[in-house]
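Chemist: Below: one structure in structure tokens.
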Amino acid sequence: MFSILNPYMVLNIFIIPPFLYVIISIGDNVMSLWRGMKKSISVLKKSFDGRRKILRVLEIMNILDRNINGVSIRKLADQFKVSVRSIQRDLNEIEMIGYDLNREIRGMAKFKEGIGLKKRDLPEKMKSSLNLIKTLARSIGGDIEREISQMIDAMLQDKIKNREEIMLIAPKIIKDSNVSFIDDIKEAISFGHVLNIKYMSPRLNEMQEFDICPLKIIYYEGFLYVLAFLYNRKNSYRTYRLDRIKELEHKRDKVFSFPENLEEILKTHNIWGVAKKKNIKVELNVSGWALDYFKTFDIMSDRVERNNSDGSLTLKGKIGNFNEIIPYILRFMPFVKVVKPIELDMEVRKLLKEYIK
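Okay, structure coming up:
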């Protein structure tokens with residue numbers, strides 16, 4: 154029975170024709186490629202989702218750190234284009250790594266008092282948690298790892314090892330009751346809001362009330378000042394020392410327009426007001442240990458200096474107000490002498506006589 158079967162017929166039955174083999178091979182390769190692509194897409198999706206999740210959590214922590222009064226969970230969801238539930242899970246994870254949150258007000262979240270990213274001495278639990286996120290980011294690799302690592306390094310302040318770059322040696326402020334006004338002043342400057350203040354005038358020794366339009370916060374010799382003009386009186390520029398502001402009301406419904414020459418005003422401001430022009434010519438003779446200071450700091454405009462044969466320095470320049478330079482003259486006496494103008498020299502002598510009395 155088997156002898157009637159043609160061997161070629163048997164071969165034709167059991168051997169796959171070449172063209173069909175090619176088709177099947179291509180099909181197998183396509184299926185293998187597709188399975189590989191599906192696996193790669195799955196891995197990439199997980200990596201992308203993981204990266205997006207980590208970055209979102211870190212950014213939420215930064216937002217919480219910037220907004221000490223709290224942020225809306227709904228706004229966070231809208232900002233990151235995710236559900237409120239996703240943001241709530243993110244907040245839960247932030248708490249799990251040691252950053253306690255206050256969620257007493259429904260729909261709001263903020264760091265609990267004493268918690269924040271700017272604190273130098275983070276508890277070990279917080280450091281460990283952030284370093285764990287950094288380690289997990291390595292599995293993602295590339296730019297993603299660098300992006301996450303840079304954000305966490307900034308939080309941990311690894312580069313400065315919990316030490317300030319600059320140590321400020323200065324008298325300690327005895328009271329800081331006016332610090333609570335800073336946030337209102339900053340907001341008023343940002344949005345052009347009017348501030349109503351009750352101000353203790355040092356000259357009149359009495360309380361005065363003003364509606365001011367703040368332009369800038371100035372720090373000078375350990376004190377904070379607000380450069381502002383009176384509402385509806387744009388040429389009334391002056392400064393108000395923050396510790397002399399006893400009461401402040403933020404009038405968000407009352408706005409002002411910034412002066413067109415704002416940049417010029419800010420360039421020429423000082424704590425005694427705004428000098429229209431620095432047209433008072435001054436000449437000083439500086440010697441001794443005052444030399445380094447006057448060579449380093451530019452306290453006059455259009456300055457010209459000349460080294461003298463006795464080792465002293467002749468310094469010429471312009472100021473807008475005697476008060477801009479008198480504190481430096483008094484501070485470094487007797488190593489600073491006024492050469493010109495005579496009026497400045499007389500003002501310094503007058504202050505010294507009053508002191509000697």
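Taking this note's numbering, the leading residue of the sequence shown gets 154, the next gets one more, and so forth. Backbone N, C-alpha and C define an ideal beta-carbon position, used for all residues, glycine too.
1) Return the chain-ordered list of same chain residues with a C-beta closer than 8 Å to the C-beta of L504, the five sequence neighbours on each side being excluded.
2) So, for G260: in the same chain, excluding its five sequence neighbours on each side, which residues have a beta-carbon less than 8 Å away from its beta-carbon?
3) Taking all protein chains shown into account, decide if F382 is buried (16 or more other Cβ within 10 angstroms of its Cβ) or exposed.
4) Drop a sphere of 10 angstroms on the beta-carbon of F409, count the other beta-carbons inside from all chains shown, and report buried for 16 or more, exposed for fewer.
5) To the nearest angstrom, how far is the alpha carbon of Y390 from that of Y352?
6) Just reading off the beta strand (DSSP E) that V439 is part of, what are its end residues?
7) Return the residue from the list E362, Q361 and E340 that minimises the CA-CA distance to L368.
8) State the Cα-Cα distance for the pair Q153 and H403, rounded to the nearest angstrom.
9) Rounded to the nearest angstrom, what separates I221 and C366 at their Cα positions?
10) What first and last residue would you give for the alpha helix (DSSP H) that runs through R502?
11) For the stretch 223–276, list the beta strand (DSSP E) runs that are entirely contained and at least 3 residues long, ordered along the chain.
12) Among residues of its own chain, excluding the 5 on either side of S440, which ones have a beta-carbon nearer than 6 Å to its beta-carbon?
13) Give the straight-line distance between the Cα atoms of E141 and K493, rounded to the nearest whole angstrom.
14) Could you give the distance in angstroms between the alpha-carbon of K387 and the alpha-carbon of I495?
15) Any idea if E477 is buried or exposed, counting beta-carbon neighbours within 10 angstroms, 16 or more meaning buried?
16) Given this structure, state the Cα-to-Cα distance separating L197 from G267, to the nearest angstrom.
17) For N349, which beta-bridge partners are listed by DSSP?
18) Just to confirm, are L401 and I350 a CB contact at a threshold of 7 Å?
19) Taking G473 and K434 to be in contact with their CB atoms under 8 Å, please state how far apart those CB atoms are, rounded to whole angstroms.
20) In terms of residues, what are the limits of the beta strand (DSSP E) holding Y390?
21) How big is the Cα-Cα spacing for F264 and I207?
22) Cβ of D364 within 7 Å of Cβ of Y384?
23) Can you give the Cα-Cα distance for E362 and T392, rounded to whole angstroms?
24) What did DSSP end up calling I479 once you bin it into helix, strand or coil?
25) Once you ignore the five residues that flank D498 on each side, which residues in its own chain have a CB closer than 7 Å to its CB?
26) Can you name, in chain order, every residue of its own chain whose Cβ lies under 7 Å from the Cβ of N461, other than the five neighbours on each side?
27) State the beta-bridge partners of T460 as determined by DSSP.
28) With a cut-off of 8 Å on the beta carbons, I'd call I371 and I338 a contact; round off their distance for me.
29) Excluding the 5 residues preceding and the 5 following S354 in the sequence, name in chain order all residues of the same chain whose CB lies nearer than 6 Å to its CB.
30) Rounded to whole angstroms, what is the Cα-Cα separation between D243 and I258?
31) What residue does the alpha helix (DSSP H) around L444 start on, and which one ends it?
32) Would you mind working out which of S343, K234 and Q241 sits nearest M214, comparing C-alpha positions?
33) For V118, is the classification buried or exposed, using 16 other Cβ atoms within 10 angstroms of its Cβ as the cut-off for buried?
Modeler: In short:
1) I479 and L483, listed in sequence order.
2) The beta carbon of G260 is closer than 8 Å to those of S225, I226 and R227 in its chain, skipping five residues each way along the sequence.
3) Burial call: buried.
4) Burial of F409 is indicated by the presence of at least 16 other C-beta atoms within 10 angstroms of its C-beta.
5) Straight-line Cα distance between these residues: approximately 16 Å.
6) That run of the beta strand (DSSP E) goes I433 to V439.
7) Answer by Cα proximity: E340.
8) A query on residue 153 cannot be resolved here, the shown segment of the chain reaching from 154 to 510 and no further.
9) Taken atom to atom, the span from the alpha-carbon of I221 to that of C366 is near 25 Å.
10) Per DSSP, R502 belongs to the alpha helix (DSSP H) from I495 to I509.
11) Contiguous beta strand (DSSP E) elements confined to the stretch 223–276 occur at 261–264, taking only those with 3 or more residues.
12) If we look at S440 and ignore the five residues flanking it on each side, its Cβ neighbours are S465 and F488.
13) No information on residue 141 is available, as it lies outside the stretch 154 to 510 that the chain covers here.
14) Straight-line Cα distance between these residues: approximately 34 Å.
15) Burial call: buried.
16) Residue confidence is low: L197 scores 38 on pLDDT, short of 50, so the model does not pin down where it sits. No coordinate-derived value is stated.
17) In the DSSP secondary-structure assignment, N349 is bridged to D364 and E402.
18) Between L401 and I350, the gap from beta carbon to beta carbon is short of 7 Å.
19) Their Cβ separation, rounded to whole angstroms, is 11 Å, which puts G473 and K434 out of contact at 8 Å.
20) Annotation: the continuous beta strand (DSSP E) that includes Y390 extends over R386 to R394.
21) Distance between the alpha carbons of F264 and I207: 19 Å.
22) Taking 7 Å as the Cβ cut-off, D364 and Y384 qualify as a contacting pair.
23) The alpha-carbon atoms of E362 and T392 are separated by roughly 14 Å.
24) Three-state result, I479: helix.
25) Only residues of its own chain outside the window of five on either side were considered, and among them V491 have a CB closer than 7 Å to the CB of D498, listed in chain order.
26) Answer for N461: T467, listed in chain order.
27) Per the sequence presented here, residue 460 reads as Asn, with Thr not at that position. DSSP, once it has assigned bridges, lists L466 as partnering N460.
28) Rounded to whole angstroms, the Cβ separation of I371 and I338 is 11 Å, and the two are not in contact under 8 Å.
29) Contacts found: Q361.
30) The alpha-carbon of D243 is positioned some 18 Å away from that of I258.
31) Element bounds for L444: L444 to T449.
32) Minimum Cα distance to M214 is reached at Q241.
33) Residue numbering for the chain in the displayed model covers 154 to 510; residue 118 lies beyond these limits and cannot be assessed.
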